[in-house]
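Written out below as structure tokens is the structure these notes cover.
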Amino acid sequence: AQSVTQLDSQVPVFEEAPVELRCNYSSSVSVYLFWYVQYPNQGLQLLLKYLSGSTLVKGINGFEAEFNKSQTSFHLRKPSVHISDTAEYFCAVSPSNFGNEKLTFGTGTRLTIIP
Amino acid sequence: EAGVAQSPRYKIIEKRQSVAFWCNPISGHATLYWYQQILGQGPKLLIQFQNNGVVDDSQLPKDRFSAERLKGVDSTLKIQPAKLEDSAVYLCASSFFGARAEAFFGQGTRLTVV
């Protein structure tokens, strides 16, 4: 079984400042890692994903994340945030063995951008 | 390309009543998921279909929840009878078959049980 821990439930950040949203996971098998964003009253949208290869993954809207296997982490970063980044962010894992691709989500981090 | 369609967007029912949610996945997506997202929590997988067969329903409360995907396209999730703790957003997602396939989510149905 897999589990995901998002250490911060809420993160306030000033506009144009950098941000890091933390995610740690636990799994007995190899996993794929994901970050999703959820705007108010919307479904989830994929920001980026790590399947294999380079541990630094770049996604949409200027976000990037780094997979650290030794620390079982997949933290999300953005060098300069905008008001439009205000949303809920979810980290998720999925077993990488073929045919078992269900996602296990963390509890989410609410990112609030302060003008 | 059309996204995942869900209806209704909002539903308010009294406890012990029944309710049904509908999902139309992206055309060609063999895999369909139903997730339950309780306020303040991440989505939790309820059931996963591969075409019209169930792959995983281990977290579906089968005494009150049921789901079907006839003909491997549209899907319906039903709750009967509803409890107060069923208040949540029910998200449908779909993907092509395979562990590397990206899941696309609908906007969800917000259920309030009073």
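Heads up: the sequence lines are chains L and C, in that order. Once you know that position 103 of the first sequence is 103 in our numbering, the rest is easy, because the numbers rise by one and skip nothing. Once you know that position 74 of the second sequence is 189 in our numbering, the rest is easy, because the numbers rise by one and skip nothing. Glycine included, every Cβ here is placed at the ideal spot set by N, Cα and C. Keep in mind it's a predicted model, so treat the numbers as computed, not measured.
{"Item": "Beta carbon proximity, residue 158 of chain C to chain L, threshold 8 Å", "Value": "yes"}
{"Item": "Neighbour-count burial assignment, residue 85 of chain L, 16 or more Cβ in a 10 Å radius", "Value": "buried"}
{"Item": "Where residue 78 of chain L sits in the DSSP three-state scheme", "Value": "strand"}
{"Item": "Start and end residues, beta strand (DSSP E) containing residue 152 of chain C", "Value": "146-152"}
{"Item": "Among L/4, L/15, L/8, the one whose alpha carbon lies nearest that of residue 80 of chain L", "Value": "L/15"}
{"Item": "Where residue 84 of chain L sits in the DSSP three-state scheme", "Value": "helix"}
{"Item": "Residue 171 of chain C at chain L interface by Cβ criterion, 8 Å", "Value": "yes"}
{"Item": "Secondary structure of residue 141 of chain C, DSSP reduced to three states", "Value": "coil"}
{"Item": "Simplified DSSP state of residue 24 of chain L, which is helix, strand or coil", "Value": "strand"}
{"Item": "Local Cβ density within 10 Å of residue 148 of chain C, reported as buried at 16 or more and exposed below that", "Value": "buried"}
{"Item": "Buried versus exposed, by CB contacts within 10 Å (16 or more), residue 10 of chain L", "Value": "exposed"}
{"Item": "Identity of the residues DSSP links to residue 219 of chain C by a beta bridge", "Value": "C/209"}
{"Item": "Cβ pair residue 193 of chain C, residue 181 of chain C closer than 8 Å", "Value": "yes"}
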